[in-house]
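S.K.:
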Amino acid sequence: MYEPRSIQDKFFLVIKGLCMGAANKVPGVSGGIVAFVAGFYEEFIYSLQKVNGKAFKLLFNGRFKSFYRYINGSFLSLLIFGMLVSYFSVSKILDYFLEQKELYVWAGFFGMILGSIYYISKDYEHWNRKTIIAGLIGLLVGISISFLSPAKENDNLLFIFLCGMISVSGMTLPGLSGSFILILLGNYVLLLVDSVNALYDTFAEILTGDFSFVKNQERLDTLVILAVFTTGSAAGLVSLSHLLSYVLKHYKYITTAVIIGFITGSLGTVWPWKRTIFKTDEQGVNILDSNGKEIIVNYERYFPKMDLAETWWAIFFVLVGIGILLGLDWYGKNRKS
1 MYEPRSIQDK
11 FFLVIKGLCM
21 GAANKVPGVS
31 GGIVAFVAGF
41 YEEFIYSLQK
51 VNGKAFKLLF
61 NGRFKSFYRY
71 INGSFLSLLI
81 FGMLVSYFSV
91 SKILDYFLEQ
101 KELYVWAGFF
111 GMILGSIYYI
121 SKDYEHWNRK
131 TIIAGLIGLL
141 VGISISFLSP
151 AKENDNLLFI
161 FLCGMISVSG
171 MTLPGLSGSF
181 ILILLGNYVL
191 LLVDSVNALY
201 DTFAEILTGD
211 FSFVKNQERL
221 DTLVILAVFT
231 TGSAAGLVSL
241 SHLLSYVLKH
251 YKYITTAVII
261 GFITGSLGTV
271 WPWKRTIFKT
281 DEQGVNILDS
291 NGKEIIVNYE
301 RYFPKMDLAE
311 TWWAIFFVLV
321 GIGILLGLDW
331 YGKNRKS
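For the sequence shown, counting from 1, position 249 maps to 249 in our numbering; every step adds exactly one.
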């Protein structure tokens, strides 16, 4: 059982949820890194692992308080609340800066991931033959994923369910971006742009008393796709947490080594200097979503020209990102002392 949380702890837990939600939405950035660096990764995994047969038995028997305590409900509800708020607020701000100052945003994330590698590995004193091999495997997998080419869009419901299970890995596996995985599977636009826009439009119409969407077959099909994707995400979140809780319990040092390697390998995904590749029609014209924004399908990386002023600004933001993580490290040390 976890100790009761103070008001301050609850507030910061919502803030962590905000950060995790914003990170999950950006291709190349993993919400799991936020959980790992912020120090609640193991509690997050073990809490999700409690969503099992016993929990559902308590729920179906009407023992709601016991169910809530058993799954560490205060922790999960505050964290998930922060993620939901983030999706409609912080992530929108992030979208704006990605559109206006894309290079600097990626530079900041790149620095934060560099800082997180230091943060996670600085106190890791269990390097040996097994953990070094595990770290190298994580590194190679991370590098390989960052250079894969995306597949074509596929709206088969079984595949959509699978996308949900796989994409949620970004919340449970530090360094693995669920959004980037959806780009590789070819369904980022369908599931994180078209489907979400359809849900938003539907709620907006309902609030104005307009129910004409029930006659819009394309809208209904998109909402079904979103429902299947959400179900797959929930199933993946719970099933992965069971696997990870077992791995963390029995192979903690090897798992940490893999995570360090994997996060290092993922640096290629958030490399700041890259050209955005947008979804285009047959004439090569960029396709816009319902909000008038160009739809991203992948990135083309390149090396910067050092004589450009913006390159030096980008390097500055890399240092800012590193500084944020070093600040978190300093805060954690002083809070414990």
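C-beta atoms are modelled at their ideal positions from N, C-alpha and C, and glycine is treated no differently.
Spatial neighbours of V320 within its chain, please: C-beta separation below 7 Å, excluding the five flanking residues on both sides.
M.R.: G108 and G111
S.K.: In this structure, how does DSSP classify R69 when only helix, strand and coil are distinguished?
M.R.: helix
S.K.: Using the DSSP secondary-structure output, state which residues sit across from K274 in a beta bridge.
M.R.: R301, per the DSSP bridge assignment.
S.K.: How would you label S337, buried or exposed, when you count the other beta carbons within 10 angstroms and need 16 or more for buried?
M.R.: Residue placement at S337 cannot be trusted, given a pLDDT of 47 that sits under 50; what the coordinates show is reported in the next sentence. When all chains shown are included, S337 counts as exposed.
S.K.: Run through DSSP, which three-state label would T202 get?
M.R.: helix
S.K.: For D155, which residues in the same chain have their Cβ closer than 7 Å to its Cβ, ignoring the five residues on either side in sequence?
M.R.: L190 and I225
S.K.: How would you call Q49, buried or exposed, if buried means at least 16 neighbouring beta carbons within 10 angstroms?
M.R.: buried
S.K.: Is any non-hydrogen atom of the ligand GTP found closer than 7 Å to the C-beta of V168, if you look at the structure I gave you?
M.R.: With respect to the ligand GTP, the structure offers nothing, as it holds no ligand at all.
S.K.: Say whether the segment 175–187 touches the segment 205–218, bearing in mind that this needs 3 or more beta-carbon pairs closer than 8 Å, one atom from each stretch.
M.R.: Fewer than three pairs of CB atoms, one per stretch, sit closer than 8 Å, so the segment 175–187 makes no contact with the segment 205–218.
S.K.: Just curious, the alpha helix (DSSP H) that K25 is in, first and last residue?
M.R.: I7 to K25
S.K.: In the DSSP assignment, what are the bridge partners of T280?
M.R.: N286
S.K.: Considering only the beta carbon of each residue, do L220 and I45 sit closer than 8 Å?
M.R.: Pairing L220 with I45 gives a Cβ-Cβ distance that is not under 8 Å.
S.K.: Please name the residue, chosen from F303, I93, S6 and S74, that lies closest to C19 on a Cα-to-Cα basis.
M.R.: I93
S.K.: May I ask you to report which of helix, strand or coil DSSP gives V51?
M.R.: If DSSP states are grouped into helix, strand and coil, V51 belongs with coil.
S.K.: How would you call W106, buried or exposed, if buried means at least 16 neighbouring beta carbons within 10 angstroms?
M.R.: Under the 10 Å beta carbon count, W106 is surrounded by 16 or more other beta carbons and is classified as buried.
S.K.: Tell me, to the nearest whole angstrom, how far the beta carbon of V258 is from that of I160; I am working on the premise that it is less than 8 Å.
M.R.: V258 to I160, Cβ: 29 Å. No contact.
S.K.: Please tell me whether W312 and Y104 are closer than 8 Å, where the distance is taken between their beta carbons.
M.R.: no
S.K.: Skipping 5 residues on each side, what residues in its chain have a beta carbon closer than 8 Å to that of G265?
M.R.: G138, L139, L140, V141, G142, I143, S144, I145, S146 and G175.
S.K.: Kindly list the residues whose CB is nearer than 7 Å to the CB of S245, restricted to its own chain and excluding five residues on each side of it in sequence; keep chain order.
M.R.: Cβ neighbours of S245 beyond the five flanking positions: I45, Y46 and Q49.
S.K.: Beta-carbon separation of L157 and A198 under 8 Å?
M.R.: no
S.K.: Quick test of your reading: Y124 and V37, contact by CB under 8 Å. State the CB separation rounded to the nearest angstrom.
M.R.: Not quite, the Cβ-Cβ distance comes to about 13 Å (not below 8 Å), so this is no contact.
S.K.: Could you tell me the distance, in whole angstroms, from the CA atom of L185 to the CA atom of E153?
M.R.: 7 Å
S.K.: On the three-state DSSP scale, how would you describe T208?
M.R.: coil
S.K.: Give a yes or no on whether the C-beta atoms belonging to L58 and Y41 are separated by under 8 Å.
M.R.: no
S.K.: Helix, strand or coil for F109? Go by DSSP, reduced to three states.
M.R.: Helix at F109.
S.K.: Leaving aside the five residues before and after L182 along the sequence, list all residues of the same chain whose C-beta is less than 7 Å from its C-beta, in chain order.
M.R.: C163, S167, Y188, L191 and L192
S.K.: Straight-line CA distance for W127 to A23?
M.R.: 29 Å
S.K.: Compare the Cα-Cα distances from V51 to each of R63, N61 and F67 and report the closest residue.
M.R.: F67
S.K.: Run the CB neighbour count on A204, radius 10 Å, all protein chains shown included, and call it buried at 16 or more, exposed below.
M.R.: exposed
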